[in-house]
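Counting with our numbering, you get residues 434 to 813 for the letters of the sequence shown.
All residues carry an ideal CB built from backbone N, CA and C; glycine is no exception.
A quick note: this is a predicted structure, and the numbers were derived from the prediction, not measured.
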Amino acid sequence: MQYDYIIAGGGGAGLSLLYRILHQETLREKQILVIDQDLKNKNDRTWCFWEEGEGLFEPVVRHQWPTLEFKTEQFVNKFALQKYRYKMIRGLDFYNYVLDVATKSERVTFKHEKILHLSSQNDQAKVITDSGQYEAAYVFNSTSLLNPKINTDNSLLQHFMGWEIKTSKPMFDDQVGTLMDFSLNQDHGATFMYVLPVNSQQALIEYTLFSPVVLDKDTYRNQLATYINGVLGISEYNIVDDEFGVIPMSLQKFRPSLGKHIINIGTAGGHTKASSGYTFQFIQKNTQSIVQNLVAEKSPLVKPSFREKMFQWYDRTLLEVMISQKMTGKAIFATMFKKLAPEKILTFLDNETNFLQDLSVMSSVPTVKFLPSALKQMFR
Ligand SMILES: Cc1cc2nc3c(=O)[nH]c(=O)nc-3n(C[C@H](O)[C@H](O)[C@H](O)COP(=O)(O)OP(=O)(O)OC[C@H]3O[C@@H](n4cnc5c(N)ncnc54)[C@H](O)[C@@H]3O)c2cc1C
Numbered sequence: 434m435q436y437d438y439i440i441a442g443g444g445g446a447g448l449s450l451l452y453r454i455l456h457q458e459t460l461r462e463k464q465i466l467v468i469d470q471d472l473k474n475k476n477d478r479t480w481c482f483w484e485e486g487e488g489l490f491e492p493v494v495r496h497q498w499p500t501l502e503f504k505t506e507q508f509v510n511k512f513a514l515q516k517y518r519y520k521m522i523r524g525l526d527f528y529n530y531v532l533d534v535a536t537k538s539e540r541v542t543f544k545h546e547k548i549l550h551l552s553s554q555n556d557q558a559k560v561i562t563d564s565g566q567y568e569a570a571y572v573f574n575s576t577s578l579l580n581p582k583i584n585t586d587n588s589l590l591q592h593f594m595g596w597e598i599k600t601s602k603p604m605f606d607d608q609v610g611t612l613m614d615f616s617l618n619q620d621h622g623a624t625f626m627y628v629l630p631v632n633s634q635q636a637l638i639e640y641t642l643f644s645p646v647v648l649d650k651d652t653y654r655n656q657l658a659t660y661i662n663g664v665l666g667i668s669e670y671n672i673v674d675d676e677f678g679v680i681p682m683s684l685q686k687f688r689p690s691l692g693k694h695i696i697n698i699g700t701a702g703g704h705t706k707a708s709s710g711y712t713f714q715f716i717q718k719n720t721q722s723i724v725q726n727l728v729a730e731k732s733p734l735v736k737p738s739f740r741e742k743m744f745q746w747y748d749r750t751l752l753e754v755m756i757s758q759k760m761t762g763k764a765i766f767a768t769m770f771k772k773l774a775p776e777k778i779l780t781f782l783d784n785e786t787n788f789l790q791d792l793s794v795m796s797s798v799p800t801v802k803f804l805p806s807a808l809k810q811m812f813r
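Okay, structure coming up:
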């Protein structure tokens with residue numbers, strides 16, 4: 434069977450794109466094949482991100498916070514958000530929400546197969562799996578098959594273990610999320626705790642590091658237990674859910690496409706922010722633009738704007754400073770949260786500041802440490 438679109442990898446990016454295509458009247462005739470080796474029936478991750486107003490996936494937002502905190506041993510910056518809300522979506526809720534709509538549509542076919550190879554020829558793209566081969570006008574790929582090589586010279590890993598705990602007594606303020614608590618041992622690299630209460634007795638607590646290599650699982654567990662007991666003062670709790678994740682923060686260029694007919698999306702398309710690991714909101718921006726192009730019968734390959742290229746340069750600069758250890762992650766974020774309005778930092782990390790605001794963010798960090806990296810990354 435001939436498909437219009439093949440979505441190779443139906444995770445965060447693939448299903449966001451599918452949902453957007455299915456909601457476009459102009460694309461109602463399109464036949465879509467979604468291939469994923471996984472059934473997407475487990476809560477394999479929790480997405481947090483900040484957003485203005487209501488987004489497309491608002492119905493599955495589990496909780497949102499109007500106030501955030503940034504902490505070190507020296508200071509606490511607790512700030513009420515103005516235009517943004519910090520939001521949480523459980524992976525499983527998102528998958529079910531999209532799959533509920535998609536499995537009812539006669540023009541969407543699902544195959545649970547392992548993709549082995551992708552190729553682009555003349556005016557078609559081909560996907561070879563362990564059980565067959567499929568062709569379409571466009572393949573939207575979010576598997577790692579076309580990813581660049583990542584190593585300790587060009588990348589850091591953002592790795593974390595999270596426990597969602599339930600306490601026997603009310604212990605949390607569910608209106609305040611801790612974005613980063615850096616008051617931890619920094620021996621392995623930038624290390625912080627993330628505390629997101631979803632009600633007064635339940636919170637997601639995540640031990641997170643930006644460093645070259647992952648740790649053994651017991652280290653994350655010990656750090657979580659020590660923090661919950663020692664810092665949060667909670668001795669009685671149950672772990673009701675857990676997650677472990679590794680997100681690449683890389684100087685490497687993730688190719689946006691292979692030929693004209695294979696478009697990389699999600700992390701595979703370079704939509705993970707190199708300096709922070711946040712991806713969800715960039716997936717939304719990118720898949721929205723792809724669908725706009727498809728509706729306008731243009732190539733779905735979305736070229737980065739001049740401003741987006743500038744933000745990629747800022748990201749690579751910040752990451753290079755951390756990789757080369759000119760300044761620690763803790764010192765960089767603490768400097769920014771001490772000197773700048775927190776909402777401006779979030780706007781900057783969301784690629785939404787204007788040039789003057791970029792300058793004020795840049796002037797908050799030491800020029801002598803950032804300028805050599807900025808120049809090096811400018812000419813890459
Ligand atoms: C545990 C975890 C927590 C995260 N939390 C956040 C967060 O809070 N905020 C944020 O912005 N980002 C977060 N991220 C980063 C990022 O948002 C996610 O990784 C996001 O899922 C990326 O979407 P994606 O579509 O690129 O990849 P995925 O969602 O991983 O989707 C890729 C899909 O491809 C399938 N696949 C892969 N290889 C093959 C193959 N060979 N054949 C068939 N199928 C294949 C997989 O099964 C998967 O379904 C997190 C990542 C992880 C791992």
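Cβ-based neighbour list, residue i, same chain, cut-off 8 Å, excluding 5 preceding and 5 following
i: Leu-532; result: Leu-448, Lys-473
i: Val-509; result: Glu-502, Phe-503
i: Val-647; result: Leu-590, His-592, Val-679
i: Gln-810; result: Leu-684, Trp-746, Arg-749, Thr-750, Glu-753
Rounded straight-line distance, which links the Cα of residue j to that of residue i
i: Pro-581; j: Gln-725; result: 28 Å
i: Gly-663; j: Gln-608; result: 22 Å
i: Asp-586; j: Ser-683; result: 9 Å
i: Arg-478; j: Thr-652; result: 20 Å
i: Gly-445; j: Leu-657; result: 27 Å
i: Thr-705; j: Thr-712; result: 4 Å
i: Trp-483; j: Leu-665; result: 25 Å
i: Val-494; j: Gln-515; result: 19 Å
i: Pro-499; j: Glu-487; result: 14 Å
i: Thr-768; j: Thr-459; result: 48 Å
i: Pro-737; j: Tyr-747; result: 14 Å
i: Tyr-436; j: Leu-489; result: 26 Å
i: Leu-804; j: Met-795; result: 10 Å
i: Glu-785; j: Ala-513; result: 19 Å
Cβ-heavy atom distance, residue i to ligand 1, below 7 Å
i: Leu-578; result: yes
i: Asp-469; result: yes
i: Ile-723; result: no
i: Gly-703; result: no
i: Trp-498; result: no
i: Phe-527; result: no
i: Lys-809; result: no
i: Tyr-436; result: no
i: Arg-478; result: yes
i: Tyr-711; result: yes
Integer-rounded CB distance, given that residue j should sit under 8 Å from residue i
i: Ala-701; j: Ser-575; result: 5 Å
i: Gln-717; j: Asp-783; result: Their Cβ separation, rounded to whole angstroms, is 11 Å, which puts Gln-717 and Asp-783 out of contact at 8 Å.
i: Met-626; j: Phe-766; result: The pair is not a contact, with the Cβ atoms about 13 Å apart (cut-off 8 Å).
Sequence-distant residues of the same chain with beta carbon closer than 7 Å to residue i, five excluded per side
i: Pro-548; result: Note on residue identity: the sequence assigns Ile, not Pro, to residue 548. Ala-441, Ile-468, Val-560, Thr-562, Thr-576, Leu-578.
Residues near residue i in its chain [Cβ-Cβ closer than 6 Å; skip 5 each side]
i: Lys-763; result: Phe-615, Gln-619, Ala-623
i: Ser-553; result: Leu-691, Gly-692, His-694, Ile-695
i: Thr-600; result: Gln-634, Ile-667, Tyr-670
i: Arg-518; result: Gln-497
i: Gln-464; result: Tyr-436, Asp-437, Arg-540
i: Glu-597; result: Leu-637, Val-673, Asp-674
Any non-hydrogen atom of ligand 2 within 7 Å of residue i CB
i: Arg-453; result: As for ligand 2, it is missing from this structure, which binds only ligand 1.
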